[in-house]
Every structure is written in structure tokens, then in C-alpha cells.
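Under my numbering, read the sequence shown as residues 884 to 1297, first letter to last.
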Amino acid sequence: MTLLVRNLSQIATPAGRIARRGAAMRELSVMESSVIVVQNGRFAYVGPENEKPPELLVDEDFDANGATAVPGFVDTHTHIPFAGFRESEFNRRLQGESYEDIAASGGGIAATVRATRKATEEQLTANVLARAATMARYGTTTAEAKSGYGLDKECELKQLRAIREASERSLVRLVPTCLAAHDFPPESRGSEAARQGYVSTIVSEILPAVAEEKLAIFCDAFVERGAFNAEQGEAVLRAGAELGMIPRLHADEFSDCSGAALAASVGAASADHLMHISDDGIAALAASDTVANLLPATSFFLMSDRYAPARKLIDAGAIVSLSTDCNPGSSMTESMQTVMQLATLQMKMTVEESLTAATLNSAYSLRMAKEIGSIEIGKRADFVLLEAPSYLHLVYHFGVNLVSAVFRDGRRVL
Ligand code: NIG
Ligand code: FE
């Protein structure tokens, strides 16, 4: 099947098969009066219609009606296999209680763990599919999905199996991560020894079982005061790596725990959150290939003025990506458009940097930049049509859904 997409106002995309850093994050390729040709699920031609190679015989024509084409968004940090929303906690936060206070009183992650443990694998699969359907409507074509609300072997496996099951039917391509080290389960909270015991369980039982069923590409840990310390986080990530799972890390979210430096030192694919990253942490990421994955919707939703220092990270030369952190507690959104708007309006990234961060750099952090993340010949044809005359509308025309069509592997999914 060969599809021609014509009548585009613009095609705007970063270029390359690896991540872009520093000033190169601002260099988009912007084409006007151009078409896209898709063949066998991949981009076969991008450019002016009259220069299209004659051997590309088109058998389907799509009128984009003046839309702007951008790469499908890649969301590399989500917690979507969860059961039960937390809207009443949200309402308590609106009345002045903090996220950490609510967590300390038995809410927070623990509340979602209770609901997720009770849910069946089928219910979790349906929940993943529901979140993924919304993601697709807002232009996401690939999303990472983490476990981490099971916190015991059986329930972590249940969440990861739900991701696998959902990925067969999902509009969005799903990439699984084991986050058994998201928090300590209620049964291991009693003493330091019990907590250490849960770390040993992750290392000697949960991760081997996950590897055995090939349920996760990545392994993640939450290093934070009140959660795992750096030593425990490192032990989990190294054990995962031994089993073939690539590390990622929740780092420096509520306090500086030297998480960024730890992520770089274990060769993690990404260090995520980073609201409290130190200057040393910024230098460590800038000198590494570990992506600084920024989640501004979390700061926004937690009503914090503290955003990750995106400008400092980009200017220092770190690879920066953007993600939703979609989860029922600290960021209940699937919209990468909202994330790009917050990245520019709150973190002072440019629109060009935000688009690169939400596509090519995110793809790089999933180790998929050779295949997805830009509109370029040879890559999988994952792209989105925006009802907009230019890519600048992604931020300029805020708070609405600009997506009018979504293509994944060259097939129109919406
Ligand atoms: O990325 N930081 C830890 N985990 C999530 C929040 C999960 C929750 O509140 O359920 C996060 O923000
Ligand atoms: Fe998270």
C-alpha cells in the first residue's frame, strides 16, 4: 500500500537517528508545499510533490486539508496500568494538604497499590487500553508504561502482563518498564530490615520472574527521601541490567538525592523528574548519554512553582526529553500537547526544543530513535496531523486538542 498525504500547510520535524542536544534541539526541518508518501508502513518520500520519485506509484490519496504534520509524540514516562482514580486526594490537595502529607497518611501510591492489587489482569488491561486511547487522540503514537502499583511478585507480573496484553490491541505502541522499586509495600514498612528485605525480593525474585517472561525492556526505581535510597536504587538497577533490562531512574523529584549522577553512572536510558537536580547533577547528565526526561505536568498538577531547570540542562548540553508522567496521583493527564505547553510557558523551552524533546529525544531514550521520532525516509510512518497552519500553534493555540488525524506504521488509527 502506498499512501500520499497532500495539502499540508507544513511538515515540521527534528532530523536524525540519534538524540539532539544543545542548540541542535532548536533546529527543526520545516517544509512548506510538501507531501508525505508512505509505503509498507514507512516514510518513502517527504518533500515537494513534483520531485517525488516516479517509481513511487500511489494507490491512496489523503487530503490533509491544510493541516501541519509532526512526528507522533513519544511519551516515555507513564504509570498507566493502575486501578482506581484519586480525585478525592486531589480535592484534599486543593484545600491545602501536600502530596507528601497525603502519602504519609496512607494515601498516595499506597492507595493505588490497594486498588491495583484487587483488580484482575483483565481490568488492568482495559484500563491501559483506555489511557492509551486517550493518548492516541492527543497525538501519542508510542508510550512507555510502568508497573509499580503491585509491589509484590504476583501483582507486578499482573501489571506487566496487562501491558503486554493491551499492546496487542492498543492504538499506541507500548514499551514496558518494571518499576517494582516504586515504593515499599505496606507489609515491608515496619522496619529497616523489612525494607531491605523488599529490595532483596525485587533483586532475587521479582526481576528474575519478569525477565523469565520477557515482560519488560526497562527497569526503573524511585530514589527519594521516604522511598529507596541511592544504594538500594543502584542495587535494583544493576540487578535489572544483569537480566537484560535497561535502567531508568526517578531522580531528584522532591529533594536532591544525587539521583541524576547515579543515573548517569549506571548508564541509565533516562533520569526523570529532576525538579531538585543539583549543578553537579546537570554536569553529570550533560557529560553522558542519559536523557534528562522532564515532566512539567507533575509540577503543574502538584501546584508547585518548582519546575526542572530545563534551560540550564539544555544550555549545558544534556539531552532533554518530555513526558506526561500519566498517573492517578501526581499527573492525571495523557496529553503531550499540554506537556509541551508547560515546557515552553513554564520551563522556558522554545517550541522547537519542546517538539524535539517530545519526539526524537524521547525516541532515543526508548532506544528507538533509528525507527521512530521524526518524519524521515526509512523510519516507521508515525505522524500526526494538527489542525493548524504551523507547528507554532502547538503552544500558541493552547488548551485545545489540535490533532485531526493520527497515523501509526503508516496506518490511520484515528
Ligand atoms: O512519577 N514519583 C513517583 N511516582 C509517581 C507518582 C505516583 C503516584 O502518585 O501514584 C510520579 O510522580
Ligand atoms: Fe513517575
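Backbone N, C-alpha and C define an ideal beta-carbon position, used for all residues, glycine too.
Measuring only between beta-carbons, confirm whether Phe926 sits less than 8 Å from chain B. Structure shown: chain B not included; a single protein chain is present.
Along the chain, where does the alpha helix (DSSP H) containing His1276 start, and where does it finish? 1276 to 1279
For a test of your reading of the model: does the CB of Asn1210 fall under 7 Å from any non-hydrogen atom of the ligand NIG? Yes or no. yes
For Ser1214, collect the residues of the same chain with a Cβ closer than 7 Å to its Cβ; drop the 5 residues on either side in sequence, then sort them by chain order. Leu1178, Ala1180, Thr1181, Phe1184, Thr1207, Asp1208
Range of the contiguous beta strand (DSSP E) that encloses Val921: 918 to 922
Distance check for Thr1233 and Ala906, CA to CA, integer angstroms please. 11 Å
Is Ala987 buried or exposed, if buried means 16 or more other CB atoms sit within 10 Å of its CB? exposed
With C-beta atoms as the reference, is Gly1073 less than 8 Å away from Val1289? no
Supposed close pair Leu940, Val918 - CB separation, criterion 8 Å: That pair is no contact at about 14 Å.
Among Glu1259, Asn1284, Leu1277, nearest to Thr896 - alpha-carbon criterion: Glu1259
Leaving aside the five residues before and after Leu1205 along the sequence, list all residues of the same chain whose C-beta is less than 6 Å from its C-beta, in chain order. Leu1177, Val1222, Ala1226, Ala1240, Ala1241
Closest to Thr885 by C-alpha separation, out of Leu1297, Phe926, Asn933, would be which residue? Phe926
Name the residue from Glu915, Gln922, Asp942, Ser1141 whose alpha carbon lies nearest to the alpha carbon of Gly930. Glu915
Output yes or no for whether 8 Å exceeds the beta carbon distance between Gly967 and Thr995. yes
Enumerated in chain order, which unbroken segments of the beta strand (DSSP E) with a length of 3 residues or greater are wholly contained in the segment 917 to 972? 918 to 922, 925 to 930, 943 to 954, 956 to 958
Mind checking who Ala1301 pairs with in its DSSP beta bridge? Since the first and last residues shown for the chain are 884 and 1297, residue 1301 lies out of range.
For Val1119, tell me which candidate among Gly955, Leu1228, Val1082 has the shortest Cα-Cα distance. Val1082
Expressed to the nearest angstrom, what Euclidean distance is found between the alpha-carbon atoms of Ala1143 and Ser1171? 10 Å
Using the C-alpha atoms, what's the distance from Gln893 back to Glu943? 20 Å
Taking Cβ to Cβ, would you say Ser853 is nearer than 8 Å to Gly979? A query on residue 853 cannot be resolved here, the shown segment of the chain reaching from 884 to 1297 and no further.
Helix, strand or coil for Arg1294, going by three-state DSSP, please let me know. strand
With respect to 7 Å, is the separation between the Cβ of His962 and the closest non-hydrogen atom of the ligand FE below this value? yes
Based on DSSP bridge pairs, tell me the residues matched to His1156. Ala1134
Label Ala1076 either buried or exposed according to how many other C-beta atoms from any shown protein chain fall within 10 Å of its C-beta, with 16 as the threshold for buried. exposed
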